[in-house]
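Novice: This is the structure I have questions about; it appears just below.
Numbering (our numbering), first residue to last: 1402 to 1566.
Below you can see the structure in the form of structure tokens.
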């Protein structure tokens, strides 16, 4: 964790994936991951995509509780929190669409004037720059989050990733 600056140097976006059903680890996540990342100058211009996984389960934390426990409204970054399910694929595409829009927007790199945080959950922005690169990145990454219902093999996934570059 003290080496965080080496991992994040030159980073445009950080994707955090958390277990929405594990309330006990939220303090640990905040202190060990989010707080050091928020204090890192290497991430001053980075966008945070926070994926609250296991949204397909019944007994999970609300998005408001997660926002409060992780003190997301105190982040000095552009961020968004999405409920997702790695099992059903729910929310994955929307989350990455938001990330693509943020990476393609020149205005998204800084929080709103005078604000210490910018919650962009209710904002939409038009973008043009970087769409192709972000779409390729999404195509390469989405297989990590979605469990296939078909008989897709690892070779098929690798070919999709190779075609995306």
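No residue lacks a Cβ here, since even glycine has one placed at the ideal position from N, Cα and C.
If you're wondering where the values come from, they're calculated on a predicted model, not measured in any experiment.
#1: For the beta strand (DSSP E) containing residue 1592, list its first residue and its last residue.
#2: Please confirm whether residue 1439 and residue 1477 have their CB atoms less than 8 Å apart.
#3: Hey, could you find the ends of the alpha helix (DSSP H) residue 1496 is sitting in?
#4: Count the other CB atoms within 10 Å of the CB of residue 1363; is the residue buried (16 or more) or exposed (fewer)?
#5: Any idea if residue 1481 is buried or exposed, counting beta-carbon neighbours within 10 angstroms, 16 or more meaning buried?
#6: Start and end of the beta strand (DSSP E) containing residue 1481?
#7: Quick check: the Cα distance between residue 1388 and residue 1471, rounded to an integer number of angstroms?
#8: Please state the DSSP three-state secondary structure of residue 1476.
#9: Hey, how far is the Cα of residue 1492 from the Cα of residue 1463?
#10: Name the two residues that bound the continuous beta strand (DSSP E) containing residue 1434.
#11: Do you know whose CA, among 1419, 1465, 1446, lies nearest residue 1433's CA?
#12: Given a cut-off of 8 Å, decide if residue 1453 and residue 1497 are closer than it, judged by their beta-carbon atoms.
#13: What does a CB cutoff of less than 8 Å around residue 1428 pick up in its chain, not counting 5 residues either side in sequence?
#14: I need the boundaries of the alpha helix (DSSP H) containing residue 1416, first residue and last residue.
Specialist: According to the structure shown:
#1: Residue numbering for the chain in the displayed model covers 1402 to 1566; residue 1592 lies beyond these limits and cannot be assessed.
#2: Yes, Cβ-Cβ distance for residue 1439 and residue 1477 is below 8 Å.
#3: Taken as a continuous stretch (DSSP letters only), the alpha helix (DSSP H) holding residue 1496 covers 1493-1504.
#4: Since the first residue shown for the chain is 1402 and the last is 1566, residue 1363 is missing from the structure and cannot be characterised.
#5: Burial is judged here by how many other beta carbons sit within 10 angstroms of a residue's own beta carbon; residue 1481 has at least 16 and is buried.
#6: Counting along the chain, the unbroken beta strand (DSSP E) around residue 1481 starts and ends at 1479-1484.
#7: The shown model of the chain, from 1402 to 1566, leaves out residue 1388, and the question about it has no answer.
#8: Of the three classes helix, strand and coil, the one that applies to residue 1476 here is coil, per DSSP.
#9: The alpha-carbon atoms of residue 1492 and residue 1463 are separated by roughly 15 Å.
#10: Element bounds for residue 1434: n/a, residue is neither H nor E.
#11: The shortest C-alpha separation from residue 1433 is found at 1419.
#12: Between residue 1497 and residue 1453, the gap from beta carbon to beta carbon reaches 8 Å or more.
#13: Closer than 8 Å at Cβ, skipping near neighbours: 1470.
#14: Taken as a continuous stretch (DSSP letters only), residue 1416 belongs to no alpha helix (DSSP H), being part of the beta strand (DSSP E) at 1414-1420.
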